[in-house]
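Residue numbers (this note's numbering), protein chains in the order written: chain A, 173 to 411; chain B, 119 to 362. Virtual Cβ for every residue (Gly too), placed ideally from N, Cα, C. In this text the structure is predicted, and so the values were computed from the model without any measurement. Inspection log for the structure reproduced underneath, given as structure tokens.
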């Protein structure tokens, strides 16, 4: 308990003092995770929507594969990226291993199935009436598809927040492909592992608190945007 | 345009089950044409095929003078001359204004024209005060009025009504019926209405078709079908014997 209290104190101290190394680690964490999230959204949202809206042979196998990949172990994702980027791997010539780019690639691999799978679920949960109403009012296929996405937007935002939660707290993959190199690829989660291994438990807890504060702030921002965007979203009233 | 819809040997199946089989059907322009029949008789399937929302398995469909090929561009062109009010009056997330403006926005009509047309229609259906209200918090009757305004906003040549008053109270239903008659008389819009409400059909319809088990049993001028049904199944339905 003492360690935890000490960690809390140290955490607020670290935030207050704006320690240069902590600032660097925090910024890199944000840069890697947010870049991965944007790329995962660019891949996952259109793919999820297409899977939900189109009927083709093998659709259920693809959906099942994506749902399975939503639970992909981070270490396995890291290992796959490692094998591709290692000097003897197919992409070895680009010398990306142990760089923030490699960390982004690994995190995209983890986040994209989540965004894709949950987007597909959100779109599939809508009724046929959404399309029918749009079509009978003269919407083109593209306009009707955009309307469907608009109707599913709460689910898509949930997909993005879930994916962000997954990547920002992720340690196994970034450790493998980033190498936890000081001032270069060290992020908040790998710092926690390092400090724990060195026996600096209170520092590890302090960094953990910074991670939670960042996650809280990002979710807060998303929620406030949600409130502004979803002015007409109904909340179930329980009396 | 004498006959906006001509159907020839239209068949629709769900799996092995044939749910609709229409040998010949021509719907006259500018009239209120009512499709009457018990639940599961194929009324809504027929309406959805004519509204180009459901592809028929066999037969030839002619809509607004064109043989339907189900090609993307043709579908859009034809659909933009029709609109529909469904039983549940599905509302998009957003305001009443957003919903009524939807079809006009899809047609890229200027915001100024949209504002004035939405205002005019909401005034007509008595919903002007709800312009900025959340469309999903409206009552059943209010939704139906907004759905009607939304469908009329695009000046359709054909208006489909799928059980337009089935979920609302008598007073709201009477108001909706008043608007339906007004639209038909003032704008000569062809109205194709599906209902299992005999009284409503009798009050509104110029022509009625009775459908059962996916087949047309009888059709003709509204009043005569009620007073002198030619088929025993129609007579039984009118006596309330097969309403299930």
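CB-CB length for residue i against residue j, believed under 8 Å
| i | j | result |
| --- | --- | --- |
| residue 126/B | residue 178/B | 4 Å |
| residue 382/A | residue 194/A | 7 Å |
| residue 295/A | residue 216/A | About 12 Å separates the two Cβ atoms, so there is no contact after all. |
| residue 331/B | residue 159/B | 6 Å |
| residue 198/A | residue 386/A | 7 Å |
| residue 157/B | residue 314/B | 7 Å |
| residue 328/A | residue 291/A | 5 Å |
| residue 212/A | residue 280/A | 5 Å |
| residue 322/B | residue 356/B | Residue 322/B to residue 356/B, Cβ: 16 Å. No contact. |
Residue i at chain C interface by Cβ criterion, 9 Å
| i | result |
| --- | --- |
| residue 304/A | Protein chains in the displayed structure are A and B, and chain C is not among them. |
Per-residue burial, residue i [other beta carbons within 10 Å of its own, 16 or more giving buried]
| i | result |
| --- | --- |
| residue 288/B | exposed |
| residue 227/A | exposed |
| residue 349/B | exposed |
| residue 132/B | exposed |
| residue 245/B | buried |
| residue 367/A | buried |
| residue 209/B | buried |
| residue 195/B | exposed |
| residue 292/B | exposed |
| residue 303/B | exposed |
| residue 321/A | buried |
| residue 130/B | buried |
| residue 161/B | buried |
| residue 176/A | exposed |
| residue 219/A | buried |
| residue 266/A | exposed |
| residue 281/B | buried |
| residue 362/B | Reliability of the predicted coordinates at residue 362/B is poor, the pLDDT of 45 falling under 50, and no value is obtained from them. |
| residue 230/A | exposed |
| residue 285/A | buried |
| residue 304/A | buried |
| residue 183/A | buried |
Where the beta strand (DSSP E) containing residue i begins and where it ends
| i | result |
| --- | --- |
| residue 143/B | 135 to 145 |
| residue 263/A | Segment: none, residue 263/A is in no beta strand (DSSP E) and carries neither H nor E. |
| residue 150/B | 150 to 154 |
| residue 238/A | Not the beta strand (DSSP E): residue 238/A falls in the alpha helix (DSSP H), residues 231 to 241. |
| residue 261/B | Premise fails: residue 261/B lies in the alpha helix (DSSP H), 258 to 270, not in any beta strand (DSSP E). |
| residue 203/B | 200 to 203 |
| residue 328/B | 325 to 330 |
| residue 131/B | 123 to 132 |
Range of the contiguous alpha helix (DSSP H) that encloses residue i
| i | result |
| --- | --- |
| residue 272/A | 272 to 296 |
| residue 401/B | Because residue 401/B is not part of the residues shown, which for chain B are 119 to 362, the question remains open. |
| residue 329/A | 325 to 340 |
| residue 353/A | Looking at the DSSP string, residue 353/A is not in any alpha helix (DSSP H), and its letter there is neither H nor E. |
| residue 256/A | 246 to 257 |
| residue 250/B | Careful: residue 250/B lies outside any alpha helix (DSSP H) and carries neither H nor E. |
| residue 161/B | 161 to 168 |
| residue 217/B | 214 to 224 |
| residue 355/B | 350 to 356 |
| residue 308/A | 300 to 308 |
| residue 233/B | 229 to 242 |
| residue 333/B | It is not in any alpha helix (DSSP H) - residue 333/B instead sits in the beta strand (DSSP E) that spans 333 to 339. |
Closest residue to residue i among the options (Cα-Cα distance)
| i | options | result |
| --- | --- | --- |
| residue 264/B | 334/B, 216/B, 318/B, 172/B | 216/B |
| residue 242/A | 397/A, 399/A, 336/A | 336/A |
| residue 338/B | 121/B, 151/B, 123/B, 135/B | 151/B |
| residue 364/A | 356/A, 379/A, 355/A, 357/A | 379/A |
| residue 141/B | 335/B, 234/B, 228/B, 266/B | 335/B |
| residue 206/B | 123/B, 259/B, 137/B | 259/B |
| residue 367/B | 156/B, 268/B, 254/B, 300/B | Limits of chain B in this structure are 119 at one end and 362 at the other, which puts residue 367/B out of reach. |
| residue 164/B | 219/B, 254/B, 279/B | 279/B |
| residue 247/A | 271/A, 261/A, 270/A, 282/A | 282/A |
| residue 325/A | 285/A, 307/A, 298/A | 298/A |
| residue 185/A | 390/A, 374/A, 306/A, 302/A | 374/A |
| residue 308/B | 176/B, 283/B, 277/B | 277/B |
| residue 212/B | 261/B, 184/B, 185/B, 180/B | 261/B |
| residue 236/B | 266/B, 136/B, 254/B | 266/B |
| residue 180/A | 399/A, 310/A, 388/A, 377/A | 377/A |
| residue 221/A | 319/A, 264/A, 254/A, 268/A | 319/A |
| residue 124/B | 166/B, 186/B, 172/B, 171/B | 186/B |
Near the ligand SAH: residue i beta-carbon under 8 Å from a heavy atom
| i | result |
| --- | --- |
| residue 268/B | You won't find the ligand SAH in this model; it holds no ligand whatsoever. |
Cβ pair count under 8 Å reaching 3, the stretch 270 to 281 of chain A against the stretch 345 to 352 of chain A: yes
At least 3 beta-carbon pairs within less than 8 Å: the stretch 265 to 285 of chain B vs the stretch 194 to 203 of chain B: yes
Examine the Cβ distances between the stretch 321 to 335 of chain B and the stretch 140 to 160 of chain B and report whether three or more of them are shorter than 8 Å. yes
For the stretch 313 to 327 of chain A against the stretch 230 to 250 of chain A, do three or more pairs of beta-carbon atoms, one drawn from each stretch, fall closer than 8 Å, so that the two count as touching? no
Counting pairs of Cβ atoms below 8 Å between the stretch 200 to 207 of chain A and the stretch 325 to 340 of chain A, do you hit three or more? yes
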